[in-house]
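Trainee: Have a look at the structure that comes next, please.
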Amino acid sequence: MPEPRINKLIAWLLLAIVAFAPLPFGSEPRWAWSLIAVATGLGLLGWSACALVGRRRVPLPREMPHLAPVGILFAAVLLWVAFQASPWSPAALHAPVWGVAESLLNRRLAGAISINPTETIGGLVRLASYGGVFFLTTLVAASADRALWLLRGVVAVGVVYAGYGLVNELLGLNKVLWLTKWRDLGDVSSTLLDRNAYATYAGLGLTGALALLFRPKFRDGDLDGGWRSSIRVCADYFFTRSWPSMAAVAILFAAVVLTHSRSGTAAAMLSVALFVLFATRRWQNRKPAYFVGLAICLAGGIILAIGGTGTAERMGRVGAAASERSEVYRLTAGTIAESPLPGTGHRTFAEAFAAYRSEALQAPFPHGHNMYLETALELGVAGAAALLALVAWLALLCLRASGRPGRNAALPCLGLAATALVASHSLTDSTLRIPAVAILFAALMGIACAHGKTRRLPAGAPQRHIRTGIQPN
Numbered sequence: 009m010p011e012p013r014i015n016k017l018i019a020w021l022l023l024a025i026v027a028f029a030p031l032p033f034g035s036e037p038r039w040a041w042s043l044i045a046v047a048t049g050l051g052l053l054g055w056s057a058c059a060l061v062g063r064r065r066v067p068l069p070r071e072m073p074h075l076a077p078v079g080i081l082f083a084a085v086l087l088w089v090a091f092q093a094s095p096w097s098p099a100a101l102h103a104p105v106w107g108v109a110e111s112l113l114n115r116r117l118a119g120a121i122s123i124n125p126t127e128t129i130g131g132l133v134r135l136a137s138y139g140g141v142f143f144l145t146t147l148v149a150a151s152a153d154r155a156l157w158l159l160r161g162v163v164a165v166g167v168v169y170a171g172y173g174l175v176n177e178l179l180g181l182n183k184v185l186w187l188t189k190w191r192d193l194g195d196v197s198s199t200l201l202d203r204n205a206y207a208t209y210a211g212l213g214l215t216g217a218l219a220l221l222f223r224p225k226f227r228d229g230d231l232d233g234g235w236r237s238s239i240r241v242c243a244d245y246f247f248t249r250s251w252p253s254m255a256a257v258a259i260l261f262a263a264v265v266l267t268h269s270r271s272g273t274a275a276a277m278l279s280v281a282l283f284v285l286f287a288t289r290r291w292q293n294r295k296p297a298y299f300v301g302l303a304i305c306l307a308g309g310i311i312l313a314i315g316g317t318g319t320a321e322r323m324g325r326v327g328a329a330a331s332e333r334s335e336v337y338r339l340t341a342g343t344i345a346e347s348p349l350p351g352t353g354h355r356t357f358a359e360a361f362a363a364y365r366s367e368a369l370q371a372p373f374p375h376g377h378n379m380y381l382e383t384a385l386e387l388g389v390a391g392a393a394a395l396l397a398l399v400a401w402l403a404l405l406c407l408r409a410s411g412r413p414g415r416n417a418a419l420p421c422l423g424l425a426a427t428a429l430v431a432s433h434s435l436t437d438s439t440l441r442i443p444a445v446a447i448l449f450a451a452l453m454g455i456a457c458a459h460g461k462t463r464r465l466p467a468g469a470p471q472r473h474i475r476t477g478i479q480p481n
């Protein structure tokens, strides 16, 4: 049965969104993320129109009950953010700053829970866009061929931006597009303005490249010989038949290391280790797993030795940064304790933290350097818990489906690795605040979760085992 044209159009639209997002400084300018929101909205409208007239042949939401809790939690978070920006909330929940403003201006103001409703509404639009990208990707990627096509496109986009960043750094241009860099000099940041954010972006691209690499097509009997024969077969596959994926892995890993982001590099290495662990845990023949692990360790060691000097130097200065950040964490936790339930409004950390900033802090802190504390401050403890539960549910779906037989067995492992990368890096940086990073994460999780539904075999059905990683053609 031919694929509906709307599926192809939405797939191209998603790829265009992922490709565009990093270009205008990670889509941080208002016009950039607004354009992404419009494009995502058009995709949702197109899908809805075709669904209403019965011309959709990919799974509908009712056919994916495993994602129902995600939809409920996400809708609850969106409604809460809208309520934070609304002037119709109870006055008892309004931020104290509105009372101060009324006394100074000597007139009645329409207050809100959020201390900056305009910024909160903008955050609501961004959040809805990320959810739209995830939703559309999940529907389109239900087709295995389309999922592979989309993943290849996403990885290719990541390689292009990584190549730009590496060339920019090697030539000593110190440019971000046409602007001269004023920070993070000597660090790869590609078209993003922050090296930590780009470390997460490149790390997510790295997990996608690994998912492509772990779709081997070994033939039966290829690995039944001795170690020398098996190594020769693996080398032929990984360096001859799969050299584009190997090149993508090398380029993206080099980009991560050359960001000189301490937590970004550590998070990327953790995600690689988890991916290899879960992608190979049910392989009966362990030789490819050992070979891949050895190759990754050797390649990673070489890249770290060549370009990881800056990262190692920054690791040695971790104590100075830790003292300042611990003060930020302490002040943020104190702010949360003052308003644990309503929060200060989505995307209002900078304004809220400015009122509690101490003289011990030298550098400006527009972000909390901890996504968990920052989210709890803005959304309140309950809102942050709902958002974290949403991501945890997606990770659980990927965990249950990881390592199963089939040519797409690596896709749930991709979701696990991407979640581990983002979750670990969020302990020290707020990189998901950058639209380009959040959109890439949403797209990869959509691809992974489209194949995250485990299938139960009937009683007595024969179990399929994996001899060499993934089922051969």
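To convert, count from 1 in the sequence shown and add 8; that's the numbering used here.
Cβ atoms here follow ideal geometry from the backbone N, Cα and C, with glycine treated the same way.
#1: Give the C-beta separation of T267 and V184 to the nearest angstrom, bearing in mind that I take them to be a contact with Cβ-Cβ under 8 Å.
#2: Considering only DSSP beta bridges, list what L187 is partnered with.
#3: Could you tell me the boundaries of the alpha helix (DSSP H) in which N204 lies?
#4: Evaluate R203 with the Cβ neighbour count: other Cβ atoms within 10 Å of its Cβ, from every protein chain shown; 16 or more gives buried, anything less gives exposed.
#5: Have a look at G119, F33, L60 and S97 and flag the residue whose alpha-carbon is nearest the alpha-carbon of G200.
#6: Using beta-carbon positions only, say whether S253 and L212 come within less than 8 Å of one another.
#7: Can you tell which of A431, P420, M277 and L174 has its C-alpha closest to the C-alpha of L452?
#8: Determine the direct distance from the alpha carbon of S198 to that of L429, and round the result to whole angstroms.
#9: Hey, quick one: how far does the alpha helix (DSSP H) through W106 stretch, first residue to last?
#10: Judging by CA-CA distance, which residue of G130, G376 and G49 is the nearest neighbour of T436?
#11: Could you give the residue range of the alpha helix (DSSP H) that holds L13?
#12: Could you tell me the boundaries of the alpha helix (DSSP H) in which S56 lies?
#13: Thinking just about the alpha-carbon of each residue, which of I80, G180 and E382 is nearest to the one in A341?
#14: Between V389 and L407, what straight-line distance do the alpha-carbon atoms span, to the nearest angstrom?
#15: What is the DSSP secondary structure of T128, reduced to helix, strand or coil?
#16: Alpha carbon to alpha carbon, how far is A263 from Y172? Give it in angstroms, no decimals.
#17: What does the alpha-carbon distance come out to for the pair A369 and A363?
#18: Below 8 Å on the Cβ atoms is my contact criterion, and I expect S122 with T356 to pass it. Report the Cβ-Cβ distance as a whole number of Å.
#19: CB-CB under 6 Å to A384, same chain, minus the five flanking residues each way: which ones, in chain order?
#20: Note down the Cα distance separating D228 from S271, rounded to an integer number of angstroms.
#21: Run through DSSP, which three-state label would R365 get?
#22: Does the Cβ of S331 have 16 or more other Cβ atoms within 10 Å, making it buried, or fewer, making it exposed?
#23: Of the choices W88, P77, A409 and A90, whose alpha-carbon is the least far from that of R289?
#24: Check this for me: beta carbons of L260 and G166, under 8 Å apart or not?
#25: May I ask which residues mark the beginning and end of the alpha helix (DSSP H) holding F261?
#26: When you compare the CB positions of C58 and I14, do they come within less than 8 Å of one another, or not?
#27: If contact is defined by three or more beta carbon pairs under 8 Å, each pair taking one atom from either stretch, is the stretch 106-119 in contact with the stretch 134-145?
#28: Take R154 as the anchor and find which of A99, K189 and L22 has the nearest alpha-carbon.
#29: So what does DSSP say about N176, is it helix, strand or coil?
#30: Here's the rule I'm using: 16 or more other beta-carbon atoms within 10 Å means buried, otherwise exposed. How should I455 be labelled?
#31: Give the DSSP-derived three-state secondary structure of S331 in the structure shown.
#32: Under 8 Å between the Cβ atoms of E359 and N124?
#33: Span of the alpha helix (DSSP H) holding R408?
#34: So what's L424 in DSSP terms, helix, strand or just coil?
#35: Our contact map puts P443 next to A29 with C-beta atoms below 8 Å; I'd like the distance itself, whole angstroms only.
Mentor: With the given structure in hand:
#1: Counted from its first residue, the sequence shown places residue 267 at position 259. Counted from its first residue, the sequence shown places residue 184 at position 176. Not confirmed; about 13 Å, so no contact.
#2: Along the sequence shown, one-based indexing puts residue 187 at 179. Partner(s): V184.
#3: On the sequence shown, residue 204 is found 196 positions in, with the first residue counted as 1. Run containing N204: R203 to L221, per the alpha helix (DSSP H) assignment.
#4: As a position in the sequence shown, residue 203 is number 195, starting the count at 1. It is buried - the Cβ of R203 has at least 16 other Cβ atoms within 10 Å.
#5: In the sequence shown, residue 200 corresponds to position 192, counting from 1. Residue identity check: residue 200 is Leu in the sequence provided, not Gly. Cα-wise, what sits closest to L200 is F33.
#6: Here the question's residue 253 lines up with position 245 in the sequence shown. Here the question's residue 212 lines up with position 204 in the sequence shown. Their beta carbons are not under 8 Å apart, which means S253 does not touch L212 by this criterion.
#7: On the sequence shown, residue 452 is found 444 positions in, with the first residue counted as 1. Of A431, P420, M277 and L174, the residue nearest in Cα terms is P420.
#8: Position 421 of the sequence shown holds residue 429. Position 190 of the sequence shown holds residue 198. So the alpha carbons of these two residues sit roughly 19 Å apart.
#9: Within the sequence shown, residue 106 is the residue found at index 98, counting from 1. Counting along the chain, the alpha helix (DSSP H) containing W106 begins and ends at P104 to L113.
#10: Position 428 of the sequence shown holds residue 436. Closest by alpha carbon: G376.
#11: On the sequence shown, position 5 is the one that residue 13 refers to. Just to set this straight, residue 13 is Arg in the shown sequence, not Leu. First-last of the alpha helix (DSSP H) with R13: R13 to F28.
#12: Taking the first residue of the sequence shown as position 1, residue 56 is located at position 48. Here the alpha helix (DSSP H) through S56 covers R38 to L60.
#13: Your numbering for residue 341 matches position 333 in the sequence shown. For A341, the nearest C-alpha among the options comes from E382.
#14: The residue given as residue 389 occupies position 381 in the sequence shown. The residue given as residue 407 occupies position 399 in the sequence shown. Near 26 Å, if we compare the C-alpha coordinates of L407 and V389.
#15: Taking the sequence shown and counting its residues from 1, the one referred to as residue 128 is at position 120. If DSSP states are grouped into helix, strand and coil, T128 belongs with the helices.
#16: Within the sequence shown, numbered from 1, the residue matching residue 172 stands at position 164. Within the sequence shown, numbered from 1, the residue matching residue 263 stands at position 255. Going by the C-alpha atoms only, they are around 10 Å apart.
#17: Here residue 369 is taken as the residue at index 361 of the sequence shown, counted from 1. Here residue 363 is taken as the residue at index 355 of the sequence shown, counted from 1. Checking the displayed sequence, the identity of residue 369 turns out to be Leu instead of Ala. Going from the Cα of L369 to the Cα of A363 covers about 13 Å.
#18: On the sequence shown, position 114 is the one that residue 122 refers to. On the sequence shown, position 348 is the one that residue 356 refers to. Yes, S122 and T356 are in contact; Cβ-Cβ is about 6 Å, under 8 Å.
#19: In the sequence shown, residue 384 corresponds to position 376, counting from 1. Excluding positions up to five away in sequence, the list reads I344 and A392.
#20: Within the sequence shown, residue 228 is the residue found at index 220, counting from 1. Within the sequence shown, residue 271 is the residue found at index 263, counting from 1. Because D228 sits at a pLDDT of 45, beneath the cut-off of 50, its placement in the model cannot be relied upon, and the point is left open.
#21: As a working mapping, residue 365 is identified with position 357 in the sequence shown. Coil.
#22: Position 323 of the sequence shown holds residue 331. Exposed, by the Cβ-count rule.
#23: In the sequence shown, residue 289 corresponds to position 281, counting from 1. With distances taken between Cα atoms, R289 lies closest to A409.
#24: Walking along the sequence shown from the start, residue 260 turns up at place 252. Walking along the sequence shown from the start, residue 166 turns up at place 158. Taking 8 Å as the cut-off, the Cβ atoms of L260 and G166 count as close.
#25: Position 253 of the sequence shown holds residue 261. Note, F261: alpha helix (DSSP H), W251 to L266.
#26: Within the sequence shown, numbered from 1, the residue matching residue 58 stands at position 50. Within the sequence shown, numbered from 1, the residue matching residue 14 stands at position 6. Yes.
#27: Too few Cβ pairs lie closer than 8 Å, so no.
#28: Taking the sequence shown and counting its residues from 1, the one referred to as residue 154 is at position 146. The shortest C-alpha separation from R154 is found at L22.
#29: Along the sequence shown, read from residue 1 onward, the residue named residue 176 stands at position 168. Reduced to three states, the DSSP call for N176 is helix.
#30: Taking the first residue of the sequence shown as position 1, residue 455 is located at position 447. Per the 10 Å Cβ criterion, buried.
#31: Numbered from its first residue, the sequence shown carries residue 331 at position 323. Three-state DSSP puts S331 in a helix.
#32: As a position in the sequence shown, residue 359 is number 351, starting the count at 1. As a position in the sequence shown, residue 124 is number 116, starting the count at 1. Cβ distance < 8 Å, so E359 and N124 count as in contact.
#33: For the purposes of this step, residue 408 is taken as the residue at position 400 of the sequence shown. Run containing R408: M379 to A409, per the alpha helix (DSSP H) assignment.
#34: The count along the sequence shown starts at 1 and reaches residue 424 at position 416. L424 falls in the helix class under three-state DSSP.
#35: Here the question's residue 443 lines up with position 435 in the sequence shown. Here the question's residue 29 lines up with position 21 in the sequence shown. Right, their Cβ atoms sit about 6 Å apart.
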